[in-house]
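Below: the structure, in structure tokens.
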Amino acid sequence: MIKTVDEILTQDIYSREDIVSLLQTNKEDRNKIFTHASKIKADYVGKKVYYRGLVEMSNACSKNCYYCGIRMDNKNADRYDISDDEILDAVRFAHQSNYGSVVLQAGEISSPKFTKRISNLLKQIKEISNHELGITISLGEQPEEVYQEWFENGAHRYLLRIESSNPDLYYKLHPKDQKHNFETRLECLRSLQSVGYQTGTGVMVGLPFQTYDDLANDLFFMKDFDIDMCGMGPYIEHIDTPLYEHRNLLMPIEDRFTLTLKMISLLRIIMKDINIAAATALQAIDPIGREKAIKVGANIIMPNVTPGMYRDSYKLYENKPCTDEEAEDCTNCMEMRIGLTGDDIGYGEWGDSKHFLKRKK
Ligand code: SAH
Ligand code: SF4
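Just add 148 to the spot in the sequence shown (first one is 1) and you have my numbering.
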């Protein structure tokens with residue numbers, strides 16, 4: 149017997165078949181999922197959005213992920229590496245704007261010099277903010293000792309997307325070599341958890357070769373892994389990447405957008421108290437894409453505080469929004485947008501994952 153969406157939504161536990169059928173819903177049914185997720189968000193984490201000022205430190209990268217515009221072999225990428233002073237200026241801006249946290253993100257570089265540089269930056273961020281700013285980092289795969297060192301120097305959340313929890317699909321998105329090993333990625337996620345980070349992962353949605361089953365399994369993967377935070381965004385093709393060749397397999401971009409919203413809602417329903425970010429890639433498709441994600445279950449936004457002159461070069465995908473703006477412009481614009489969702493902004497608060505706090509008890 150085929151279950152209706154209403155029937156599935158009353159269940160406490162969903163099967164893979166349930167999730168797949170929810171992912172395939174039409175407009176009317178999909179709104180039921182969104183409404184349900186929105187209620188769960190209000191009940192479990194509250195109608196409050198936390199800001200994390202995002203600094204895209206550098207687009208130098210030693211890897212060659214097939215989907216990413218700043219992969220090492222893309223000769224058309226205009227490489228930059230923001231100076232520590234400029235990074236700290238951006239951090240000061242976030243602090244003065246009363247954002248509770250910052251995120252440092254970059255391409256993947258692994259070296260003693262880089263490790264040290266990040267450690268110093270972390271210490272300085274704590275210092276210049278009187279230890280008020282929370283710090284998330286997203287700096288790729290690193291040895292556990294490095295994760296440990298950065299944790300001791302003040303980072304307490306880490307974002308490392310699994311990209312896809314299906315190893316076969318993972319290897320369609322990455323070269324099959326030592327540098328892009330699925331098992332290593334999993335190991336890194338485990339290390340982050342054991343060091344004590346609030347651990348965030350996520351996937352891209354609407355990838356070529358990706359099935360509804362894959363997406364359902366991604367949701368179960370995150371639940372089984374007991375993650376604390378998630379960042380999930382639509383895949384957006386980039387012309388200077390190998391995966392562009394398979395663009396004929398993609399669903400229309402609007403559908404990738406809607407499917408991402410469904411994934412966010414379903415994750416909120418099955419993992420009620422985690423933090424879920426409204427990914428910037430949503431805004432690349434719809435000017436109010438992130439606000440729509442907030443409405444259906446997300447509770448974190450990462451306003452870009454990278455100095456304007458570098459933004460255009462951190463191009464993971466095409467059509468990245470607000471690359472011609474400065475951080476100040478973003479703040480005003482953001483406040484107005486969040487106001488439209490009916491949520492409050494958690495100014496000056498870290499907004500830690502409630503799930504993590506419970507897990508630790
Ligand atoms: N180098 C680090 C962090 C920067 S990349 C890392 O890889 O973990 C951050 C995220 O950008 C990746 O996890 C990936 O999911 C996303 N990304 C890269 N290329 C993308 C694309 N073409 N479309 C959508 N998201 C993309
Ligand atoms: Fe480098 Fe991250 Fe892009 Fe992969 S996804 S190429 S590691 S920046």
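Glycine is no exception: its CB is placed at the ideal position from the N, C-alpha and C atoms.
The model shown is predicted, which means the values in this text are computed figures rather than measured ones.
Proximity test, residue i beta-carbon vs ligand 2 heavy atom, cut-off 7 Å
i, result
"residue 211", "yes"
"residue 348", "no"
"residue 216", "yes"
"residue 256", "yes"
"residue 219", "yes"
Closest residue to residue i among the options (Cα-Cα distance)
i, options, result
"residue 390", "322, 481, 287 and 451", "322"
"residue 356", "395, 417, 380 and 276", "395"
"residue 259", "288, 172, 195 and 273", "288"
"residue 166", "446, 379 and 417", "417"
"residue 200", "490, 467, 448 and 465", "448"
"residue 183", "446, 455 and 471", "446"
"residue 231", "265, 164 and 460", "265"
"residue 250", "224, 482, 218 and 306", "306"
Cβ-heavy atom distance, residue i to ligand 1, below 7 Å
i, result
"residue 485", "no"
"residue 465", "yes"
"residue 308", "yes"
"residue 381", "yes"
"residue 375", "no"
"residue 386", "yes"
"residue 290", "no"
"residue 311", "yes"
"residue 303", "no"
"residue 516", "Because the chain spans 149 through 509 in this model, residue 516 falls outside it and cannot be assessed."
"residue 253", "yes"
"residue 101", "There is simply no residue 101 to check, as the chain begins at 149 and stops at 509 in what is shown."
"residue 352", "yes"
"residue 169", "no"
"residue 339", "no"
"residue 461", "no"
Simplified DSSP assignment, three categories, for residue i
i, result
"residue 229", "strand"
"residue 154", "helix"
"residue 413", "helix"
"residue 349", "strand"
"residue 276", "helix"
"residue 242", "helix"
"residue 165", "helix"
"residue 481", "helix"
"residue 178", "helix"
"residue 495", "coil"
"residue 294", "helix"
"residue 429", "helix"
"residue 486", "helix"
Alpha carbon of residue i to alpha carbon of residue j, nearest angstrom
i, j, result
"residue 369", "residue 267", "31 Å"
"residue 281", "residue 346", "15 Å"
"residue 354", "residue 313", "14 Å"
"residue 209", "residue 216", "10 Å"
"residue 180", "residue 414", "11 Å"
"residue 291", "residue 398", "35 Å"
"residue 233", "residue 158", "53 Å"
"residue 421", "residue 285", "21 Å"
"residue 338", "residue 425", "21 Å"
"residue 343", "residue 486", "34 Å"
"residue 493", "residue 326", "42 Å"
"residue 324", "residue 496", "43 Å"
"residue 499", "residue 191", "16 Å"
"residue 437", "residue 407", "12 Å"
"residue 423", "residue 196", "11 Å"
"residue 393", "residue 214", "10 Å"
"residue 246", "residue 452", "14 Å"
"residue 349", "residue 362", "16 Å"
Delimiting residues of the alpha helix (DSSP H) encompassing residue i
i, result
"residue 193", "Residue 193 -> no alpha helix (DSSP H), and no H or E assigned at all."
"residue 339", "330-343"
"residue 441", "437-443"
"residue 456", "456-459"
"residue 313", "Here residue 313 belongs to no alpha helix (DSSP H), and DSSP marks it neither H nor E."
"residue 396", "Taken as a continuous stretch (DSSP letters only), residue 396 belongs to no alpha helix (DSSP H), as it is neither H nor E."
Neighbour flag for residue i against chain D, beta carbons, 8 Å
i, result
"residue 328", "As a matter of chain content, chain D is missing from the structure shown, which is built from one protein chain."
Extent of the continuous beta strand (DSSP E) to which residue i belongs
i, result
"residue 284", "282-286"
"residue 419", "Element bounds for residue 419: n/a, residue is neither H nor E."
"residue 253", "249-254"
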